[in-house]
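Chains as they are written, first to last, in this note's numbering: chain A, 1 to 95; chain B, 96 to 584. Ideal Cβ positions, reconstructed from N, Cα and C, are used throughout, including at glycine. Notes follow once the structure below has been shown.
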């Protein structure tokens, strides 16, 4: 797999990372060399190997269905871009 | 009931088109707290008051799964006759939106908790099986409010992180009617199970609708469009009709259908493209490193299976066998758990068939008029059964029963008390009836002569007079018998 400049810009856009046009060239080169390294793994035949999701052979820890959190609006809204007592206020997003 | 033939096609100029529909239903799991946090799920709270640091995605917070949500998903899977997967994985679905503070939704992609299943629909043209592709658990997003401020969007995260079950059907649905039946059946099953309240007004049940069309007889699917987030059955049906017609027109004009996400505008009754979501389709799923795979012990699944309540299909069978109802009656009476519970209580205390008839007639009409659920019925099951018994035993006639019914609705009173205090009891004493009838016959000698001379239409006149004189209380069957006997003599 190799990445072209367009792909780099697309991935950056998806991740909401702003990339300087001047940097795209060198970024493409760097990422491609990383991919080339990873490509070596494809030389192994993994047809009969289940994908490994976690290296721990344990199951998920769970909790009881109880209300134990919430009612901390003031704390949470401190991170709102604009001041409001009840809501997060963000620039208009409309479909 | 005679079987109708399936007939839902879009007629174009170049032929008939079949509509192919698949649904992704998002059903909110009934649980006290959220999927990965301890905040409350209660509807209608003050904005942002049911939000934890996890729900608002503060750095360093770790999700811990709610075991009840897992059980609810398993119960629902069992109710859909589906395969439960002992091993499932939570993935991150990445996209940016103001009401998704994490920047990803925790969902299940390659390994869902529930696999293939099926749902049976009763259609006028027979029973139809709809395949279930999968059911997986995921987080709900917050709510964006666009109309409170001209230049800003307000975000309420109370819903953020509540557990949803996404139930994906196979593309087996073929008409808006089938979609209606499918959603109602799903809702009914989940309400029986107590896994989702199915309240569409509060957004507990909503769906993405996939629509494509193809010429009648074609076996390949056409290109589909996905209509996002439709929150009522009526809107789903309208959206499908509009979208199918739009696609047929494109095809007939030799144009291509773009596979895309569309939005249903309920005011204009049309679907339109959501260009902004185009990139969003690249979700870059990967296993959530904060969550280990979910492994279910077979014993847990077996135990849950044993504890399931009787579901609508089974109950319907039993109603037909045990209570002698026909398939249609049984279907209506099992459609909601509360209705079936009410019916069974009534049937225990009264005539089973007559109870069904009166419930589906007068009781449903009254509840419908008043916009009430059966759980809010002004007439209790016990009193309703007494009314049915009073009709069955001949104590009151069907016509009087309607009057008693009205009084019961207004007063909530016991029917026995109403019948007695208002003197509504049916006159079923043959001697008393004979007395009344003789009185009428002697008052109308001329008509009796005419009747005997062959004018048999007059029989109705005599019955009418008996009813009038008895204040509508004469037992109609007995009146007929005695009248016939006396007119012969």
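Distance, residue j Cα to residue i Cα
i	j	result
residue 179 of chain B	residue 48 of chain A	23 Å
residue 171 of chain B	residue 399 of chain B	10 Å
residue 181 of chain B	residue 435 of chain B	34 Å
residue 231 of chain B	residue 278 of chain B	17 Å
residue 362 of chain B	residue 334 of chain B	12 Å
residue 28 of chain A	residue 35 of chain A	10 Å
residue 115 of chain B	residue 188 of chain B	27 Å
residue 388 of chain B	residue 484 of chain B	58 Å
residue 324 of chain B	residue 376 of chain B	15 Å
residue 218 of chain B	residue 430 of chain B	14 Å
residue 239 of chain B	residue 140 of chain B	15 Å
residue 582 of chain B	residue 570 of chain B	18 Å
residue 226 of chain B	residue 416 of chain B	27 Å
residue 175 of chain B	residue 40 of chain A	45 Å
residue 96 of chain B	residue 271 of chain B	The predicted position of residue 96 of chain B is uncertain, since its pLDDT is 47 and thus under 50; a value taken from the coordinates is nonetheless stated next. Spanning the two alpha carbons is a distance of roughly 22 Å.
residue 143 of chain B	residue 161 of chain B	21 Å
residue 135 of chain B	residue 433 of chain B	26 Å
residue 96 of chain A	residue 152 of chain B	Because chain A here runs from 1 to 95, residue 96 of chain A falls outside it and cannot be looked at.
residue 559 of chain B	residue 487 of chain B	23 Å
residue 41 of chain B	residue 443 of chain B	Lying outside 96 to 584, the shown extent of chain B, residue 41 of chain B is not represented and no answer is given.
residue 26 of chain A	residue 11 of chain A	15 Å
Below-7 Å beta-carbon distance, residue i vs any chain B residue
i	result
residue 46 of chain A	no
residue 71 of chain A	yes
residue 38 of chain A	no
residue 76 of chain A	yes
Whether residue i touches residue j by CB criterion (7 Å)
i	j	result
residue 418 of chain B	residue 394 of chain B	no
residue 235 of chain B	residue 262 of chain B	no
residue 301 of chain B	residue 326 of chain B	yes
residue 420 of chain B	residue 451 of chain B	yes
residue 130 of chain B	residue 164 of chain B	yes
residue 386 of chain B	residue 185 of chain B	yes
residue 532 of chain B	residue 561 of chain B	yes
residue 247 of chain B	residue 78 of chain A	no
residue 318 of chain B	residue 352 of chain B	yes
Chain-order list of residues whose beta-carbon lies under 7 Å from that of residue i (same chain, five-residue window excluded)
i	result
residue 81 of chain A	89, 90
residue 424 of chain B	451, 455
residue 293 of chain B	282, 285, 286, 299, 300
Residues near residue i in its chain [Cβ-Cβ closer than 6 Å; skip 5 each side]
i	result
residue 266 of chain B	115, 117
Neighbourhood of residue i by C-beta, 8 Å cutoff - its chain only, sequence neighbours within 5 removed
i	result
residue 133 of chain B	147
residue 357 of chain B	320, 321, 322, 323, 338, 366, 367, 368, 369
residue 268 of chain B	115, 116, 117, 118, 225, 274, 277
residue 493 of chain B	486
Cutoff 7 Å: residue i Cβ touching any chain A Cβ
i	result
residue 104 of chain B	no
residue 184 of chain B	yes
residue 130 of chain B	no
residue 96 of chain B	Since pLDDT at residue 96 of chain B reaches only 47, below the 50 mark, its modelled position is unreliable, and the value read off the structure follows with that caveat. With 7 Å as the cut-off, residue 96 of chain B does not count as an interface residue toward chain A.
residue 322 of chain B	no
residue 241 of chain B	yes
residue 163 of chain B	yes
residue 414 of chain B	no
residue 395 of chain B	no
residue 173 of chain B	no
residue 388 of chain B	yes
residue 127 of chain B	yes
residue 191 of chain B	yes
Contact residues within the stretch 53-69 of chain A, judged by C-beta distance below 8 Å to chain B: If you check each beta-carbon in the stretch 53-69 of chain A against every beta-carbon of chain B, the ones closer than 8 Å belong to 53, 54, 56, 58, 59, 60, 61, 62, 63, 64, 65, 66, 67, 68, 69.
Contact set between the stretch 80-94 of chain A and chain B, restricted to residues whose Cβ is under 8 Å from the partner: Cβ proximity to chain B below 8 Å picks out 82, 84, 86, 87, 88, 89, 90, 91, 92, 93, 94 from the stretch 80-94 of chain A.
Chain-ordered residues of the stretch 199-221 of chain B with a beta carbon less than 9 Å from chain A: In summary, the residues of the stretch 199-221 of chain B whose CB is separated from some CB of chain A by less than 9 Å are 205, 206, in the order they occur in the chain.
Contact set between the stretch 134-158 of chain B and chain A, restricted to residues whose Cβ is under 9 Å from the partner: Within the stretch 134-158 of chain B, the qualifying residues are 134, 135, 136, 137, 140, 141, 142, 143, 144, 145, 146, 147, 148, 149, 150, 151, 153.
Near-chain A residues of the stretch 244-272 of chain B - C-beta to any C-beta below 9 Å: Of all residues in the stretch 244-272 of chain B, only 244, 245, 246, 247, 248, 249, 250, 251, 252, 253 place a beta-carbon less than 9 Å from a beta-carbon of chain A.
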